[in-house]
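Under the working numbering, the sequence shown has 319 at position 335, and the numbering climbs by one with no breaks.
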Amino acid sequence: QPTSVSESASDNNTSGGMEYKKANGSGYKFNGNGSLQADKSRGIAYITYDLNNNPQQIYFMNGSVTKYVYSASGQKLRAVHYTAKPNISRTWGVKPAELTSSQILQADSTDYLLGGSLTMKNGRIDKYIFDGGYAQASVASSTSDNFTFYYYTPDHLGNIREVVNASGSVQQVTNYYPFGAPYAESTAADFQPYKYNGKELDKMHGLNTYDYGARQHDPILARWDRMDPLCEKFYNVSPYVYCVDNPICAIDIKGLYPKGILNHHKTTFYRADYYTFTKPAAHLLSLVTGVKEDYIRDVNVIEKGIGREYPSYNPNNGGGGITIGSSPYNVTMTFTNNFFADNASDYNGNGYGQNITEWLSLVSHEATHIKHIEQAGNKISYLVHFLKQYVKYGDHDNVPEEKEADSKRNKYRKFSKFINDNYGENSIQNLFNSELSDGQKIRQIDDWWKEWQTYGK
-15 QPTSVSESAS DNNTSGGMEY KKANGSGYKF NGNGSLQADK SRGIAYITYD
35 LNNNPQQIYF MNGSVTKYVY SASGQKLRAV HYTAKPNISR TWGVKPAELT
85 SSQILQADST DYLLGGSLTM KNGRIDKYIF DGGYAQASVA SSTSDNFTFY
135 YYTPDHLGNI REVVNASGSV QQVTNYYPFG APYAESTAAD FQPYKYNGKE
185 LDKMHGLNTY DYGARQHDPI LARWDRMDPL CEKFYNVSPY VYCVDNPICA
235 IDIKGLYPKG ILNHHKTTFY RADYYTFTKP AAHLLSLVTG VKEDYIRDVN
285 VIEKGIGREY PSYNPNNGGG GITIGSSPYN VTMTFTNNFF ADNASDYNGN
335 GYGQNITEWL SLVSHEATHI KHIEQAGNKI SYLVHFLKQY VKYGDHDNVP
385 EEKEADSKRN KYRKFSKFIN DNYGENSIQN LFNSELSDGQ KIRQIDDWWK
435 EWQTYGK
């Protein structure tokens, strides 16, 4: 936790720039949970948090306040910015009294609907965000809106470098320092707020942080505002450090997926981010299912979302996945949101974001369908075949292909139990999360598999 920052250079108050404000003084306070409570350089007097460690109120030294509302799962639903009238001040590090109505100059609200894809400003539709851009609403009359479409040009880290309109005219240009602070010479800095890694930059009242969902990132200090909820798994890295201090090559996205078995891929226009299986994960899944390892490594894994409405399984009951493809080299697996939730208590105790056992168990079933896609020859034939099978057998679980896929899931579970019984609980998960090389992990998997084939069956 930083306690203070010193800087020899004078403050540069260039319009549009973001920097450490030396004139405000230096000082930081953290609460008992390790969350930032006060920051002199940004004029933050005090921050309160809810029981899930989400910021509820941010009180600024000039009297202004920002208040947040979250869902039970931590999804931001609303932000209200209260601008205080002049000549109001707060004591740093002390929770102040609430503003009275006579002290409020202005109040502006933003509501986040449909998982944040639809935003409303002061009760009116503001924009609809889709993969690769957004539709901006403008008031046409008292009862209707017009929409103008804009598109993003991102770099390899997902940073929004340009925003263009439907005619291709550039509307905004943003260049960044390594940890996300925009250059002062950026063009139309306030045109739209989604910038570094595609995250929303909140500049109101001088907050100047990026909203990553699980935490807020301060691009000036290059630190998070709260501790990494998975810090005990990475004891050699500060729980406040941003992407292991390597922002040129790495990104911190939502962070809620099993990194031991999946690689994250940031995309560009019109497409959701996706994941692929690591080499050790694909190797183990190939042993379990008999599907070629190359096929499994080429699978695109995505999270259910807008435009990706399937599968229909209830995440509060454990969720599930669906596998569709036109060939064994062109397969997409879509999983319900609980498989990307780090908190195990989310979704009625079905948060599997870090549960490698649940992931490999389900994927052992889903990967078996790659063989069925290969047999069908194309996507239409594959889907029609399954529809006919569902009609013929009267139930999803009675279809022979589903029974075959379930047998592979059971095969993985038997293998996992054998390894846990002989080498300790969570041995497979610990292997995937270890710092061993891919080759070392694969050799260990092969040794375990041979042992199970010999003794386990």
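Note that beta-carbon positions come from the ideal geometry of N, C-alpha and C, so glycine has one too.
For residue -14, which of helix, strand or coil comes out of DSSP? Reduced to three states, the DSSP call for residue -14 is coil.
Taking the Cβ atom as the reference point for each residue, do residue 287 and residue 321 lie within a distance shorter than 8 Å? yes
Between the region 31 to 49 and the region 171 to 181, do at least 3 Cβ pairs fall closer than 8 Å? Touching, no, given that fewer than three Cβ pairs across the two stretches are closer than 8 Å.
Can you tell me which of the three DSSP states residue 300 falls into? helix
Report the rounded CA-to-CA distance for residue 44 versus residue 109, giving the unit in angstroms. Cα-Cα distance, rounded: 28 Å.
Quick check: the Cα distance between residue 131 and residue 119, rounded to an integer number of angstroms? About 6 Å.
Residue 181 and residue 445 - do their beta-carbons sit closer together than 8 Å? Residue 445 cannot be examined here, being either before or after the span of the chain that is shown, -15 to 441.
Under a three-way DSSP split, which group does residue 409 fall into? coil
List the whole-angstrom C-beta distance separating residue 392 from residue 438, where the pair is believed to meet the contact cut-off of C-beta under 8 Å. 20 Å between Cβ atoms; not a contact.
Quick check on residue 296: buried or exposed, where buried means 16 or more other Cβ atoms within 10 Å of its Cβ? The residue is exposed, with fewer than 16 neighbouring Cβ atoms inside 10 Å.
Can residue 357 and residue 312 be called in contact, C-beta distance under 8 Å? For residue 357 and residue 312, yes; Cβs fall inside 8 Å.
Using CA coordinates, which residue listed in 67, 51, 134 is at the minimum distance from residue 95? That would be 51, whose Cα lies nearest to the Cα of residue 95.
Is the Cβ-Cβ distance between residue 244 and residue 340 less than 8 Å? yes
To the nearest angstrom, report how far apart residue 263 and residue 431 are at their CA atoms. 16 Å
Quick one: Cα of residue 425 to Cα of residue 412, how far? 10 Å
Is DSSP giving residue 420 helix, strand or coil here? Reduced to three states, the DSSP call for residue 420 is coil.
Quick one: residues in its chain with C-beta nearer than 8 Å to the C-beta of residue 422, no 5 flanking neighbours on either side, listed in chain order? Answer for residue 422: 262, 263, 264, listed in chain order.
Does the beta-carbon of residue 383 have 16 or more other beta-carbons within 10 angstroms, so that it is buried, or is it exposed? buried
Our contact map puts residue 272 next to residue 396 with C-beta atoms below 8 Å; I'd like the distance itself, whole angstroms only. Going by Cβ atoms, the distance from residue 272 to residue 396 rounds to 5 Å, so yes, they are a contact pair.
So for residue 208, helix, strand or coil by DSSP? strand
To which residues does DSSP link residue 102 through a beta bridge? Among the bridge pairs identified by DSSP, residue 102 is matched with 97, 112.
Can you give the Cα-Cα distance for residue 419 and residue 347, rounded to whole angstroms? 23 Å
For residue 29, which of -14, 56, 81, 38 has the nearest alpha-carbon? 81
State buried or exposed for residue 414, treating a residue as buried only when at least 16 other CB atoms are found within 10 Å of its CB. Counting C-beta atoms within 10 angstroms of its own C-beta, residue 414 has fewer than 16 neighbours from the protein chains shown and is therefore classed as exposed.
Candidates 76, -9, 435, 85: which alpha carbon is nearest residue 12's? 76
If we call anything under 8 Å between Cβ atoms a contact, is residue -15 one with residue 47? When the beta-carbon positions are compared, residue -15 and residue 47 stay at least 8 Å from each other.
Check each candidate in 99, 42, -6, 281 and name the one with the smallest Cα separation from residue 67. 42
Does DSSP put residue 280 in a helix, in a strand, or in coil? helix
Are the Cβ atoms of residue 92 and residue 65 separated by less than 8 Å? yes
When you compare each of 365, 329, 336, 316 to residue 350 by their alpha carbons, which one comes out closest? 316
What does DSSP give as the partner residue(s) for residue 43 in the beta ladder? 30, 49
Pull up the distance between the alpha-carbon of residue 433 and that of residue 259, whole angstroms please. 26 Å
Does the Cβ-Cβ distance between residue 104 and residue 98 come in under 8 Å? no
Would you decide whether residue 229 is buried or exposed? Buried here means 16 or more other CB atoms lie within 10 Å of its CB. Looking at its Cβ environment, which holds fewer than 16 other Cβ atoms inside 10 Å, residue 229 is exposed.
DSSP on residue 59, reduced to helix/strand/coil? When secondary structure is reduced to three states using DSSP, residue 59 falls in the coil class, being assigned neither helix nor strand.
Assigned secondary structure, residue 13 (DSSP; H/G/I helix, E/B strand, else coil): strand
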